[in-house]
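One line per chain: the protein sequences are A and B, in this order.
FYI, numbering that gives the first Met the number 0 numbers position 69 of the first sequence as 68, with every residue one higher than the one before it.
FYI, numbering that gives the first Met the number 0 numbers position 92 of the second sequence as 91, with every residue one higher than the one before it.
Beta carbons: idealized from backbone N, C-alpha and C, even for Gly.
Reviewing the structure listed below.
Number of protein chains: 2
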Amino acid sequence: MTEPLTQNIQDYLKAIYGLTSDGGKASTTALAARLGIAAPSVTGMLQKLAALRPPLVVYQKHRGAHLTPEGERAALEVLRHHRLLEAWLVESLGYSWDAVHEEACKLEHVISEEFERRIAAALGHPVRDPHGAPIPSAELVMPPTNDVPLGSLHGGERAVVRRVDCEDAPLLQRLKSLGLAPGAELNVLEVSPFDSGLTVQVTGQKPVVIDPATSSHIFVETVETMEA
Amino acid sequence: MTEPLTQNIQDYLKAIYGLTSDGGKASTTALAARLGIAAPSVTGMLQKLAALRPPLVVYQKHRGAHLTPEGERAALEVLRHHRLLEAWLVESLGYSWDAVHEEACKLEHVISEEFERRIAAALGHPVRDPHGAPIPSAELVMPPTNDVPLGSLHGGERAVVRRVDCEDAPLLQRLKSLGLAPGAELNVLEVSPFDSGLTVQVTGQKPVVIDPATSSHIFVETVETMEA
DNA sequence: AGAATAATTTAGGTTAACCTAAATTATTGT
DNA sequence: ACAATAATTTAGGTTAACCTAAATTATTCT
Chain A
0 MTEPLTQNIQ DYLKAIYGLT SDGGKASTTA LAARLGIAAP SVTGMLQKLA ALRPPLVVYQ
60 KHRGAHLTPE GERAALEVLR HHRLLEAWLV ESLGYSWDAV HEEACKLEHV ISEEFERRIA
120 AALGHPVRDP HGAPIPSAEL VMPPTNDVPL GSLHGGERAV VRRVDCEDAP LLQRLKSLGL
180 APGAELNVLE VSPFDSGLTV QVTGQKPVVI DPATSSHIFV ETVETMEA
Chain B
0 MTEPLTQNIQ DYLKAIYGLT SDGGKASTTA LAARLGIAAP SVTGMLQKLA ALRPPLVVYQ
60 KHRGAHLTPE GERAALEVLR HHRLLEAWLV ESLGYSWDAV HEEACKLEHV ISEEFERRIA
120 AALGHPVRDP HGAPIPSAEL VMPPTNDVPL GSLHGGERAV VRRVDCEDAP LLQRLKSLGL
180 APGAELNVLE VSPFDSGLTV QVTGQKPVVI DPATSSHIFV ETVETMEA
């Protein structure tokens, strides 16, 4: 650790991490959109992050940026803070899982390593946060997952919701009211051939139609159907 | 509430609050020293705070500043956050009372009102923090106290430590190792006529000499000596 | 391929919060 | 009272992170 990173740099790193999870590059515009910042500002910051010693990103004009190992470590550190905090706000302070994001976003930049250790220990070193997102280990390794997007399922398949990857509180609340929370079991009744919208039935609930924009945020693990 | 105050403004308000508890004004230099900022920067900020609508401080050239009612409310809000956080770090995360200040200083600017309410409730709405400092109520009223500085006692008096008003971790640790923590009982054995240094004996400990610089941070409540 | 469009960068500017050095105003000691 | 000293403010400058408008480079479509 050279020196503490500012909050906005941490936010850039988190955003780049999120946009490059597929192994690609994060474009200036995508970053600008995600961060709510004008594109030229992003260009400037990427140039700066790439010029730091050690550099936190690899940046090439007109082809976006991706994290260096140092940058990724810093991003995972923040992500670990964020997700531990969410878990802990739910477990210890009784927040509902759809209301913790904002609070964690502010706290994540500010807590000490000591604090991180204490809440991790208090929670029993959890591997997922309340939304089902994996929590990087203390050594900053992201635990592997088998989750697939809900939209990739076919009619008749059965699955368990593992993760709801979304930060929008109203949408989270809607999903929650539909029973679409981590741990929920569901059957895919039908897939629309037009727009790939899904009709799913969460166990114990009425069937619902989930449009593709929504289902891409929901990650599931398929379950063997009991052949009774 | 007009709009959220920046962290540095909150720090200025806290500092002014601390320096004007005697009803006087906070001087530019005193503020500069307390905040670790150059004096001209303080002048500039005081001018700004006085020009805000509504103004947070009353400022007159060359005569320092004090808080307006709005400024005081904002300062008490931050102080409430700080002290609740300290209490809660000790109670819920097992921090020792001499190690919570730094963490609370960062968190105090960042937590939501919801968070404040939840930890206050979880702690049973405490009236003092782990150092014995009074916690402003949710309505931002500072609870009254009877504490007097340890240095104001005379030889032969008996007292209970109520508050250790100090942010320096090493000093706090020293005081803790001497048993000088909130709740401790002590006898004043002797007061030096030269420098007003005190020789005190904490119940169950060896007598110690406390110099005036130190004793001014320790606030006590006198106790009737049992006439056995 | 070449024109139209989209993405990105450059150029130039703003704001907030700090700084140092110099000028001013207040306080203190004789 | 008045000179010396201390406190404070003014003046002018820096840095980080943002912005808009214009210029450039890349991509897409026919």
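Notebook entry, point to check: To the nearest angstrom, how far is it from the Cα of V159/B to the Cα of H100/B?
Noted result: Position 160 of the second sequence holds residue 159/B. Position 101 of the second sequence holds residue 100/B. Rounded to the nearest angstrom, the two C-alpha atoms are 23 angstroms apart.
Note to self: What does DSSP give as the partner residue(s) for P39/A in the beta ladder?
What the structure shows: What you label residue 39/A is simply residue 40 of the first sequence in a count that begins at 1. As far as DSSP is concerned, P39/A takes part in no beta bridge.
Next item on the list: Within 10 angstroms of the Cβ of R161/B, are there 16 or more other Cβ atoms? Answer buried if so, exposed if not.
Entry: As a first step, residue 161/B is located in the second sequence; it is residue number 162 there, counting from the start. Buried.
Check: DSSP puts T67/A in a beta bridge; with which residues?
Finding: Along the first sequence, one-based indexing puts residue 67/A at 68. Answer by DSSP bridge pairing: none, since T67/A is not bridged.
Notebook entry, point to check: So with Cβ pairs under 8 angstroms, would you call K13/A a contact of chain B?
Noted result: If you number the first sequence from 1, residue 13/A lands on position 14. No, because no Cβ of chain B sits closer than 8 angstroms to the Cβ of K13/A.
Check: Which two residues bound the contiguous alpha helix (DSSP H) that contains Y16/B?
Finding: For the purposes of this step, residue 16/B is taken as residue 17 along the second sequence, with counting starting at 1. Taken as a continuous stretch (DSSP letters only), the alpha helix (DSSP H) holding Y16/B covers 6-18.
Next item on the list: Whole angstroms is fine: what's the gap from K195/A's alpha carbon to S136/B's?
Entry: As a working note, residue 195/A is residue 196 in the first sequence. As a working note, residue 136/B is residue 137 in the second sequence. Looking at the sequence itself, residue 195/A is Ser, so the reference to Lys does not match. Going by the C-alpha atoms only, they are around 55 angstroms apart.
Notebook entry, point to check: So L149/A and I209/A are in contact, right, with Cβ under 8 angstroms, and what is the actual spacing, rounded?
Noted result: Reading the first sequence from its first residue, position 150 is the one you call residue 149/A. Reading the first sequence from its first residue, position 210 is the one you call residue 209/A. The Cβ separation is near 7 angstroms, so the contact holds.
Item checked: Same chain, Cβ closer than 7 angstroms to G155/A, five either side skipped, listed in chain order -> Mapped onto the first sequence, residue 155/A falls at position 156. Excluding sequence neighbours, G155/A sits near V187.
Note to self: Taking 8 angstroms as the threshold (C-beta atoms), are V57/A and A64/A in contact?
What the structure shows: Against the first sequence, residue 64/A aligns to sequence position 65. Against the first sequence, residue 57/A aligns to sequence position 58. Their beta carbons are under 8 angstroms apart, which means A64/A touches V57/A by this criterion.
Note to self: I need the boundaries of the beta strand (DSSP E) containing I217/B, first residue and last residue.
What the structure shows: Reading the second sequence from its first residue, position 218 is the one you call residue 217/B. Note, I217/B: beta strand (DSSP E), 217-222.
Check: Do E76/A and L55/A come within 8 angstroms of each other at the CB atom, strictly closer than that value?
Finding: Position 56 of the first sequence, counted from the first residue, corresponds to residue 55/A. Position 77 of the first sequence, counted from the first residue, corresponds to residue 76/A. No; because the gap between Cβ atoms is not below 8 angstroms, this pair is not in contact.
Margin query: Can you confirm whether R117/A, when its beta carbon is compared against all beta carbons of chain B, has any partner nearer than 8 angstroms?
Written below: Along the first sequence, read from residue 1 onward, the residue named residue 117/A stands at position 118. R117/A counts as touching chain B.
Next item on the list: Enumerate in chain order the residues of its own chain whose CB-to-CB distance from L34/B is below 6 angstroms, with the five nearest sequence positions on each side excluded.
Entry: On the second sequence, residue 34/B is found 35 positions in, with the first residue counted as 1. Answer for L34/B: A14, listed in chain order.
Margin query: Between the alpha carbons of V240/A and K105/B, how many angstroms are there, rounded?
Written below: Here chain A has residues from 0 to 227 only, and residue 240/A is not among them.
Item checked: Bridge-paired residues (DSSP) for R127/B -> Against the second sequence, residue 127/B aligns to sequence position 128. Looking at the DSSP output, R127/B sits in a beta bridge with P133/B.
Margin query: Any beta carbon from chain B within less than 8 angstroms of E112/A's own beta carbon?
Written below: Numbered from 1 along the first sequence, position 113 holds the residue referred to as residue 112/A. By this cut-off, E112/A is not an interface position.
Check: CB-CB under 6 angstroms to Q6/A, same chain, minus the five flanking residues each way: which ones, in chain order?
Finding: Taking the first residue of the first sequence as position 1, residue 6/A is located at position 7. Counting only Cβ-Cβ distances below 6 angstroms, and skipping sequence neighbours, we find H108.
Checklist line | Stretch pair the segment 172-187 of chain B + the segment 197-217 of chain B: three plus CB contacts closer than 8 angstroms | finding: yes
Next item on the list: Note down, in chain order, each residue of its chain lying with its Cβ closer than 6 angstroms to the Cβ of H81/A, except the 5 sequence neighbours on either side.
Entry: The sequence position of residue 81/A within the first sequence is 82, counting from 1. So the qualifying residues of the chain are A103, E107.
Checklist line | Contact set between the segment 72-96 of chain A and chain B, restricted to residues whose Cβ is under 9 angstroms from the partner | finding: L88, S91, L92, G93, Y94
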